[in-house]
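Notes follow once the structure below has been shown.
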Amino acid sequence: MCRLPRRVYADYDYARHFPKEYVEKMKRTVPRKVYDNRFGAPAITRWVVHPDDYEPGVRRPWEQQELTANTKKSDKYHGKKIKQEYYELAEPKTKQIPAEEWTFFPGDLVQVMVGKNKGSQGTISHVIRESNAVYVDGLHTILESEIEDAKKLGLKDMKRFKEQPLFVDKDQVRLVDPNDNAPCSAKWVLNDAKTEYVRISDRTGYEIPVPEQAKVTYDYVTADKYIEAEFKDTPSAKVLERTYVPKLMTFEDEIMKTMGIEEERSPKPTYWY
Numbered sequence: 005m006c007r008l009p010r011r012v013y014a015d016y017d018y019a020r021h022f023p024k025e026y027v028e029k030m031k032r033t034v035p036r037k038v039y040d041n042r043f044g045a046p047a048i049t050r051w052v053v054h055p056d057d058y059e060p061g062v063r064r065p066w067e068q069q070e071l072t073a074n075t076k077k078s079d080k081y082h083g084k085k086i087k088q089e090y091y092e093l094a095e096p097k098t099k100q101i102p103a104e105e106w107t108f109f110p111g112d113l114v115q116v117m118v119g120k121n122k123g124s125q126g127t128i129s130h131v132i133r134e135s136n137a138v139y140v141d142g143l144h145t146i147l148e149s150e151i152e153d154a155k156k157l158g159l160k161d162m163k164r165f166k167e168q169p170l171f172v173d174k175d176q177v178r179l180v181d182p183n184d185n186a187p188c189s190a191k192w193v194l195n196d197a198k199t200e201y202v203r204i205s206d207r208t209g210y211e212i213p214v215p216e217q218a219k220v221t222y223d224y225v226t227a228d229k230y231i232e233a234e235f236k237d238t239p240s241a242k243v244l245e246r247t248y249v250p251k252l253m254t255f256e257d258e259i260m261k262t263m264g265i266e267e268e269r270s271p272k273p274t275y276w277y
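Residue numbers (our numbering): 5 to 277.
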């Protein structure tokens, strides 16, 4: 039996250990109400924003500016649904590059291909996979206010340069080939030993190593440096311990047997349609 190695790089993400429920809540793609117990009919879910109608932004969903925008969209979305009006998406949905084909990670040396910094090279600070966007530290910036509506609040209007997204699918940024420091595209191939996937330049075939910064998550900088919290984390040895014993009984019967409850009544027949 031939088994290909797992594409570990596809899981590299700063938020990969975030609870999925938290991320979906920040996106507002959670059920508002579920209408169940419909006499065998499937449940009807009324969403805050239906996952198919979600419009990814160019920031992380839990950032305040993005959360505010998502909240406004969800209010408008719900209002349209209540009035039974058509909700028109503001922009055409971006087709996300599959994780297996994604080649840009935090810490990568890249070259900007558009704008006033065209031809300049810099390091990726973070990526937004859903929008195919990357941010390059110190490049492709605009001057904007530190605090929005600062003058109305009686504060001094302070300015700063802030990085703007560069979109991979629009060829606005490219990786730098370590062989000649020239821009290139990349792809994933199996190494000679067929044990793992490596990233190589399409132009020269030279390997482009994945930076260690790509493995950083909210929980740790490197996995081997992670410290388990005694009263918070379940020890890994306990998680890997096999305790399940299959039995020819239902979950309810197993609980009753464990607690010493004896049932003398015969269950009524159940019919499925």
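Cβ atoms here follow ideal geometry from the backbone N, Cα and C, with glycine treated the same way.
Treat the numbers as computed from the prediction; the structure is a model and nothing was measured.
Please report the straight-line C-alpha distance between E28 and K99, rounded to a whole angstrom.
Walking along the sequence shown from the start, residue 28 turns up at place 24. Walking along the sequence shown from the start, residue 99 turns up at place 95. Approximately 19 Å, taken between the alpha carbons.
* For the stretch 139-216, list the beta strand (DSSP E) runs that are entirely contained and at least 3 residues long, ordered along the chain. => You should have 145-149, 163-167, 177-180, 190-194 and 201-205.
Strand pairing of G126, partner residues [DSSP] = Numbered from its first residue, the sequence shown carries residue 126 at position 122. The partner list for G126 (beta bridge, DSSP) reads V114.
To test your reading of the DSSP string, which unbroken alpha helix (DSSP H) runs of 4 or more residues are found completely within the stretch 253-277? Those alpha helix (DSSP H) runs which fall completely within the stretch 253-277 and span 4+ residues are 255-262.
- Flag this pair as yes or no: are the beta carbons of E4 and Y139 separated by less than 8 Å? In the structure as shown, the chain starts at 5 and stops at 277, and residue 4 therefore has no counterpart that could be examined.
Item to check | Nearest-angstrom beta carbon gap, I212 and K191 [assumed within contact, 8 Å] | outcome: Counted from its first residue, the sequence shown places residue 191 at position 187. Counted from its first residue, the sequence shown places residue 212 at position 208. Between I212 and K191 the Cβ distance is about 10 Å, and since that is not below 8 Å, they are no contact.
>> Residues in the same chain with beta-carbon distance under 8 Å from K251, minus the five sequence neighbours each way, listed in chain order, please.
In response: In the sequence shown, the residue the question calls residue 251 occupies position 247. Excluding positions up to five away in sequence, the list reads E258.
- Under the rule that 16 or more other beta-carbon atoms within 10 Å means buried, what is Y26, buried or exposed? As a working mapping, residue 26 is identified with position 22 in the sequence shown. The residue in question, Y26, is exposed, as its Cβ has fewer than 16 Cβ neighbours within 10 Å.
| field | Three-state secondary structure (DSSP) of R50 | value | As a working mapping, residue 50 is identified with position 46 in the sequence shown. R50: strand per DSSP, three-state reduction.
query: So, are the CB atoms of I128 and V116 less than 8 Å apart?
result: If you number the sequence shown from 1, residue 128 lands on position 124. If you number the sequence shown from 1, residue 116 lands on position 112. With respect to V116, I128 sits apart: the two C-beta atoms are not nearer than 8 Å.
inquiry  = Please report the distance separating the alpha-carbon of S124 from that of L143.
reply    = Taking the first residue of the sequence shown as position 1, residue 124 is located at position 120. Taking the first residue of the sequence shown as position 1, residue 143 is located at position 139. One alpha carbon belongs to S124, the other to L143, and they sit about 8 Å apart.
Exercise for the section: Look up I132 in the DSSP assignment and give the residues it is bridged to. Expected result: Your numbering for residue 132 matches position 128 in the sequence shown. Paired residue(s): A137.
Where does V27 fall in DSSP's three states?
-> As a working note, residue 27 is residue 23 in the sequence shown. It is helical.
- Reference R64; option with closest CA among A47, K31 and V177: To locate residue 64, count along the sequence shown from 1; it is residue 60. Looking at the Cα atoms, K31 is the closest of the given residues.
* To do: Would you kindly work out how many angstroms separate the C-alpha atoms of R164 and F235, rounded to a whole number?
  => One-based indexing of the sequence shown puts residue 164 at position 160. One-based indexing of the sequence shown puts residue 235 at position 231. Roughly 43 Å separates the two Cα atoms.
request  = Go ahead and label G126 buried or exposed: buried means 16 or more other beta carbons lie within 10 angstroms of its beta carbon, across all protein chains shown.
outcome  = By one-based count along the sequence shown, residue 126 stands at place 122. Around the beta-carbon of G126, 16 or more other beta-carbon atoms lie within 10 Å, marking it buried.
Q.
Report the CB separation of Y18 from Y222 in whole angstroms; it is logged as a contact under 8 Å.
A. Numbered from 1 along the sequence shown, position 14 holds the residue referred to as residue 18. Numbered from 1 along the sequence shown, position 218 holds the residue referred to as residue 222. Confirmed, Cβ separation roughly 6 Å.
Q. In whole angstroms, what separates the C-alpha of Y91 from that of K76?
A. Within the sequence shown, residue 91 is the residue found at index 87, counting from 1. Within the sequence shown, residue 76 is the residue found at index 72, counting from 1. Near 14 Å, if we compare the C-alpha coordinates of K76 and Y91.
>> I'd like to know if the stretch 76-86 and the stretch 49-56 are in contact, where contact means that at least 3 CB-CB pairs between them fall below 8 Å.
In response: Judged by Cβ distances under 8 Å, the stretch 76-86 makes contact with the stretch 49-56, as three or more pairs qualify.
- Going by alpha carbons, who is nearest to V62 out of L71, P55 and D56? Your numbering for residue 62 matches position 58 in the sequence shown. For the residues L71, P55 and D56, the minimum Cα distance to V62 belongs to L71.
Quiz item: Which residue's Cα is closest to the Cα of E266: E256, A137, Y275 and T274?
Solution: Numbered from its first residue, the sequence shown carries residue 266 at position 262. Nearest to E266 by alpha-carbon distance, out of E256, A137, Y275 and T274, is E256.
My guess is that V214 and F109 are in contact by the Cβ rule of under 8 Å, so how many angstroms apart are they, rounded?
Taking the first residue of the sequence shown as position 1, residue 214 is located at position 210. Taking the first residue of the sequence shown as position 1, residue 109 is located at position 105. Contact between V214 and F109 holds, with the beta-carbon distance rounding to 6 Å and staying under 8 Å.
Item to complete: For the beta strand (DSSP E) holding V38, just list the boundary residues, first then last.
Response: Along the sequence shown, read from residue 1 onward, the residue named residue 38 stands at position 34. According to the DSSP assignment, V38 belongs to the beta strand (DSSP E) that extends over P35 to Y39.
By Cβ distance, which residues of its chain are closer than 8 Å to A154, with the 5 residues on each side in sequence left out?
Here residue 154 refers to the residue found at position 150 when the sequence shown is read from its first residue. For A154, where only same-chain residues beyond five positions count, the Cβ hits under 8 Å are K160, D161 and M162.
_Does A47 pass the burial test, meaning 16 or more other C-beta atoms within 10 Å, or should it be called exposed?_
Stepping through the sequence shown from its first residue, residue 47 is reached at position 43. It is exposed - the Cβ of A47 has fewer than 16 other Cβ atoms within 10 Å.
Checklist entry - Taking the alpha-carbon positions, what's the H21 to Y275 distance? => result The sequence position of residue 21 within the sequence shown is 17, counting from 1. The sequence position of residue 275 within the sequence shown is 271, counting from 1. Distance between the alpha carbons of H21 and Y275 is about 42 Å.
message: I need the straight-line Cα distance from D175 to D196, nearest angstrom please.
response: The count along the sequence shown starts at 1 and reaches residue 175 at position 171. The count along the sequence shown starts at 1 and reaches residue 196 at position 192. Between D175 and D196, the C-alpha separation is close to 30 Å.
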